[in-house]
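The listed protein sequences correspond, in order, to chains H and X.
Numbering-wise, this note's numbering comes out as the position in the first sequence, counting from 1, plus 1257.
Numbering-wise, this note's numbering comes out as the position in the second sequence, counting from 1, plus 78.
For reference, the structure is listed below as structure tokens.
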Amino acid sequence: MRVVIAEDNALLREGLVLLLTSAGHEVAAVVGTGPEILPALLEHRPEVAVLDVRMPPGFRDEGLRAALEARREIPGLPVLVLSQYVEESYAAELLAGGSSGVGYLLKDRVGRVDEFLDALERVAGGGTALDPEVVTELLTRRRDTPLDSLTPREREVLALMAEGHDNATIAKTLVVTERAVHKHIGNVFLKLGLPVSDSGHRRVLAVLAYLAHAAR
Amino acid sequence: MWTTVREAARATGYLVVVAAMTFALYLFITVLLITAVGTVAVVGAWMLPETVLVIRRIAGAKRKMVAAWTGRRIPEAYRAVEGTLRERLRTAVRDPGTLVDLRWMVASYVYGALLALALPLWPLGLVVDGVGCGLLRRRAVVLPLITRLADTEARWSTALLMPSPQARLTARVEELKETRADAIAAHGAELRRIERDLHDGAQARLVALSMRIGLAKRAYDRDPEGARKLLDDAQDQAEQALTELRHVVRGIHPPILTDRGLAGAVRALGASSGLAVTVDGGEVEEGGVRAPAAVEAAAYFVVAEALTNAAKHSGSPIAEVRLARTRRGLAVRVRDDGRGGADESGDGSGLLGMRRRVAALDGVFHVTSPVGGPTVIEVELPCVW
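Listed below in structure tokens is the structure:
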């Protein structure tokens, strides 16, 4: 895959390049400041962009804003946003901006190289990769919602679904059959009153939309 | 006799200055009256606040004069004249300090001329006391009168110029409001600095470290040599992350303060400064009394900055640090033997940072650094021991 990286910390920039090239990806461009991001994306049209949230010159959320703008300019551009802390509202902004190809992960996850590369590929393929921490925050944010009526197992399934995993991965992670996962998902959708849909990211988005709404 | 003469001479000097000032006041009050008339005519409205400021300066000079004579400071308590013309006018008129100053001015207008009495007392005194003391071995009577006169003047002026307790309280509240806002701002800046340090430093290093380990795990089977190198890198990163964490921790509260107390910590600073530093810990020596942690940390910060400056800019091979317990709190004095000329406006010197940190604790910060040196930084941090 062709990747554009935006990261201001030299150490992490170098690490990401090393990691991606060693996994056989092509790093088309590496930029270190917020204003450079959009031009680089427009020029190189990567298959996926890996962006740090906090970038110079302001050291605020330049990377996130660049990601939102890039997705307006290049509809459907997959972006994987990395940050040293996750903020639920940032996730909501990213997800509100478009339907597919969105990732938002803690930088800590990069160390689990295989999982990180999986997430990257999922995002590049139009899927979703949401940090478990964001999902936990979304799930625990409010009381007195239909979420309370979920069984612990159903909550686990919901969390993994919200992170962007497909049925097979969820089954493997929880060590259950795919049939069981399918049944849990059916129950979750029923209890939350969501329209039943089995296709990949549409399902994720329904879940996220629900969670983001419930969190308010 | 000679002491009496000298004392009388000093009193005369004081009285002459007072008289000169009184004469200047005659002129000034005339101008003041004209301003007042002008103010009624609105044209001069803008002059009123300015005039009040001039009055304050005159009264300020007088306070200093009297304080120099009596050795007792007369506090000032004014409201800040600032904002729009309307606000400045209102403050200028309503400030009780204005009334105090005017009261003194009018009073000294009346009694100021009496001070000229000191002059005829001199020949009289020299003759009478010269005969009295020199020939008859009696005590001087006339010359001490001059001193008494100066004392009386100073007492009256002190009474007249002393702001009301309420005004002093108001001024103190203003001052506290300001220092508290400064303290909060300094605290906020400190938190942001710490967050930034952690974010860019240790946190980033740990992510990089985790990345290296992840890569090493992947390479483990097919490329053991590469994996080994990645692990070496990872260890470097871990060590550097620790160094950075140590640095951040030191910036928050130097651990050596906990271990050794302020004097010991300052000695350690001196030893690592590259200068020959002599430390006089006074009562603050190890095992002695300890100031509150925030005060010790601020004092440590000031000494660290001052020694860094001295080593970097002063060209001095030596420095001297003195710590002392005072009635108000903790006094710190850092002196080098260098070329001086330290400038607070340049942001490279860290002087501004020191001033803020000291002001945040309601302390006093003072720098003298004439060109040619030496540079002396004096700080007093109020605290209860």
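Backbone N, C-alpha and C define an ideal beta-carbon position, used for all residues, glycine too.
Predicted model only: the values in this text are computed from it and were never measured.
Counting contacts by CB-CB distance shorter than 7 angstroms, is residue 417 (chain X) in contact with chain H?
By one-based count along the second sequence, residue 417 (chain X) stands at place 339. No, residue 417 (chain X) lies away from the interface with chain H (no Cβ there is under 7 angstroms from its Cβ).
Closest residue to residue 1373 (chain H) among H:1337, H:1395 and H:1346 (Cα-Cα distance):
One-based indexing of the first sequence puts residue 1373 (chain H) at position 116. For residue 1373 (chain H), the nearest C-alpha among the options comes from H:1337.
Counting only the same chain and skipping the five closest in sequence on each side, list residues whose C-beta sits under 7 angstroms from that of residue 1417 (chain H).
If you number the first sequence from 1, residue 1417 (chain H) lands on position 160. Closer than 7 angstroms at the Cβ level, and outside the excluded window around residue 1417 (chain H), lie 1427 and 1430.
With contact counted as at least three CB pairs below 8 angstroms, one residue from each stretch, are the segment 1324-1334 of chain H and the segment 1289-1302 of chain H in contact?
Counting C-beta pairs with one atom in each stretch, the segment 1324-1334 of chain H and the segment 1289-1302 of chain H have three or more that are closer than 8 angstroms, which means they touch.
Starting from the C-beta of residue 335 (chain X), find all residues in its chain whose C-beta is less than 8 angstroms away, skip the five residues before and the five after it, and write them out in chain order.
As a working note, residue 335 (chain X) is residue 257 in the second sequence. Its chain contains 343, 371, 374, 375 and 378 as the residues whose beta carbon lies nearer than 8 angstroms to that of residue 335 (chain X), once the 5 sequence neighbours on both sides are disregarded; these appear in chain order.
What are the partner residues of residue 1436 (chain H), as DSSP defines its beta bridges?
What you label residue 1436 (chain H) is simply residue 179 of the first sequence in a count that begins at 1. According to DSSP, which records beta bridges pairwise, residue 1436 (chain H) is partnered with nothing at all.
Going by the CB atoms, is the gap between residue 413 (chain X) and residue 454 (chain X) shorter than 7 angstroms?
By one-based count along the second sequence, residue 454 (chain X) stands at place 376. By one-based count along the second sequence, residue 413 (chain X) stands at place 335. The answer is yes: Cβ separation under 7 angstroms.
Where residue 1408 (chain H) falls, given that 16 or more other Cβ within 10 Å makes a residue buried:
Position 151 of the first sequence, counting from 1, holds the residue named residue 1408 (chain H). Burial call: exposed.
For residue 248 (chain X), three-class secondary structure by DSSP
Translated into positions along the second sequence, residue 248 (chain X) becomes position 170. In this structure, DSSP gives residue 248 (chain X) a helical state, which the three-state scheme calls helix.
Counting C-beta neighbours from all protein chains within 10 Å, is the total for residue 1392 (chain H) 16 or more, i.e. buried, or is it exposed?
As a first step, residue 1392 (chain H) must be located in the first sequence, where it is residue number 135. The C-beta of residue 1392 (chain H) has 16 or more other C-beta atoms within 10 Å across all chains shown, which makes the residue buried.
Span of the alpha helix (DSSP H), counted from its first residue to its last, around residue 290 (chain X):
Counted from its first residue, the second sequence places residue 290 (chain X) at position 212. Secondary structure note for residue 290 (chain X): its alpha helix (DSSP H) is the uninterrupted segment 282-297.
Specify the secondary structure class of residue 305 (chain X) as computed by DSSP and reduced to three states.
As a working mapping, residue 305 (chain X) is identified with position 227 in the second sequence. It is helical.
So residue 363 (chain X) and residue 338 (chain X) are supposed to be a Cβ contact under 8 angstroms. How far apart are they, rounded?
Start at 1 with the first residue of the second sequence, and residue 363 (chain X) comes out as number 285. Start at 1 with the first residue of the second sequence, and residue 338 (chain X) comes out as number 260. Wrong, their Cβ atoms sit about 10 angstroms apart, outside the cutoff.
Endpoints, alpha helix (DSSP H) assigned at residue 379 (chain X):
For the purposes of this step, residue 379 (chain X) is taken as residue 301 along the second sequence, with counting starting at 1. Run containing residue 379 (chain X): 371-387, per the alpha helix (DSSP H) assignment.
With residue 152 (chain X) and residue 236 (chain X) assumed to form a contact (beta carbons below 8 angstroms), what rounded beta-carbon distance in angstroms separates them?
Along the second sequence, one-based indexing puts residue 152 (chain X) at 74. Along the second sequence, one-based indexing puts residue 236 (chain X) at 158. That belief holds up - the Cβ atoms of residue 152 (chain X) and residue 236 (chain X) are roughly 6 angstroms apart, short of 8 angstroms.
Roughly how many angstroms separate the alpha carbons of residue 272 (chain X) and residue 290 (chain X), rounded to a whole number?
In the second sequence, the residue the question calls residue 272 (chain X) occupies position 194. In the second sequence, the residue the question calls residue 290 (chain X) occupies position 212. The straight-line gap from Cα to Cα measures roughly 26 angstroms.
Within chain H, the residues that residue 299 (chain X) reaches when beta carbons sit closer than 9 angstroms:
The count along the second sequence starts at 1 and reaches residue 299 (chain X) at position 221. Result: empty, since nearest Cβ-Cβ is about 13 angstroms, beyond 9 angstroms.
Member of X:281, X:296 and X:228 whose CA lies at the smallest distance from the CA of residue 324 (chain X)
By one-based count along the second sequence, residue 324 (chain X) stands at place 246. Closest option to residue 324 (chain X), Cα to Cα, is X:281.
Over the uninterrupted alpha helix (DSSP H) stretch that includes residue 176 (chain X), give me the two end residues.
For this step, residue 176 (chain X) is matched to residue 98 along the second sequence. Segment 174-189, the alpha helix (DSSP H) holding residue 176 (chain X).
Below-7 angstroms beta-carbon distance, residue 1370 (chain H) vs any chain X residue
On the first sequence, position 113 is the one that residue 1370 (chain H) refers to. Output row for residue 1370 (chain H): interface = yes.
Can you tell me whether residue 1384 (chain H) is buried or exposed? The criterion is at least 16 other CB atoms within 10 Å of its CB, across all chains shown.
Against the first sequence, residue 1384 (chain H) aligns to sequence position 127. Its Cβ being crowded by 16 or more others within 10 Å, residue 1384 (chain H) is buried.
Report yes if the CB atom of residue 97 (chain X) is closer than 7 angstroms to the CB atom of residue 224 (chain X), and no otherwise.
For the purposes of this step, residue 97 (chain X) is taken as the residue at position 19 of the second sequence. For the purposes of this step, residue 224 (chain X) is taken as the residue at position 146 of the second sequence. The answer is no: Cβ separation not under 7 angstroms.
So, residue 1289 (chain H) versus residue 1265 (chain H), is the Cβ gap smaller than 7 angstroms?
Here residue 1289 (chain H) is taken as the residue at index 32 of the first sequence, counted from 1. Here residue 1265 (chain H) is taken as the residue at index 8 of the first sequence, counted from 1. With respect to the 7 angstroms criterion, residue 1289 (chain H) and residue 1265 (chain H) are classified as neighbours on the basis of their beta carbons.
Which residue spans inside the segment 1372-1410 of chain H form an unbroken alpha helix (DSSP H) run of at least 4?
Complete alpha helix (DSSP H) runs here, min 4: 1389-1397.
Closer than 6 angstroms by C-beta to residue 92 (chain X): which residues in its own chain qualify, once you throw out the five before and the five after it? Chain order, please.
Residue mapping note: residue 92 (chain X) aligns to position 14 of the second sequence, counting from 1. Excluding sequence neighbours, residue 92 (chain X) sits near 147 and 228.
Residues of the segment 1291-1320 of chain H with a CB closer than 9 angstroms to any CB of chain X: list them in chain order, please.
Those residues of the segment 1291-1320 of chain H that come within reach of chain X (Cβ to Cβ, closer than 9 angstroms) are 1311 and 1316.
Assigned exposure category for residue 1341 (chain H) - 16 Cβ within 10 Å defines buried:
Indexing the first sequence from 1 puts residue 1341 (chain H) at position 84. Buried, by the Cβ-count rule.
Which class does residue 168 (chain X) belong to by DSSP, given the choice of helix, strand or coil?
In the second sequence, counting from the first residue as 1, residue 168 (chain X) sits at position 90. The three-state reading of DSSP puts residue 168 (chain X) in helix, counting H, G and I together.
Please go through the same chain and pick out, in chain order, the residues whose beta-carbon is closer than 8 angstroms to the beta-carbon of residue 329 (chain X), but skip the five residues on each side of it.
For this step, residue 329 (chain X) is matched to residue 251 along the second sequence. Contacts found: 271, 272 and 275.
Does chain H have any CB closer than 7 angstroms to the CB of residue 285 (chain X)?
Taking the first residue of the second sequence as position 1, residue 285 (chain X) is located at position 207. It does; some Cβ of chain H falls within 7 angstroms.
Between the CA atoms of residue 351 (chain X) and residue 321 (chain X) - distance to the nearest angstrom:
Locating residue 321 (chain X) in the second sequence gives position 243, where the first residue counts as 1. Locating residue 351 (chain X) in the second sequence gives position 273, where the first residue counts as 1. CA-to-CA, the gap between residue 321 (chain X) and residue 351 (chain X) works out to about 19 angstroms.
Taking all protein chains shown into account, decide if residue 1442 (chain H) is buried (16 or more other Cβ within 10 angstroms of its Cβ) or exposed.
Residue 1442 (chain H) sits at position 185 when you count from the first residue of the first sequence. Counting C-beta atoms within 10 angstroms of its own C-beta, residue 1442 (chain H) has 16 or more neighbours from the protein chains shown and is therefore classed as buried.
Where the alpha helix (DSSP H) containing residue 338 (chain X) begins and where it ends:
Locating residue 338 (chain X) in the second sequence gives position 260, counting from the first residue. Here the alpha helix (DSSP H) through residue 338 (chain X) covers 333-349.
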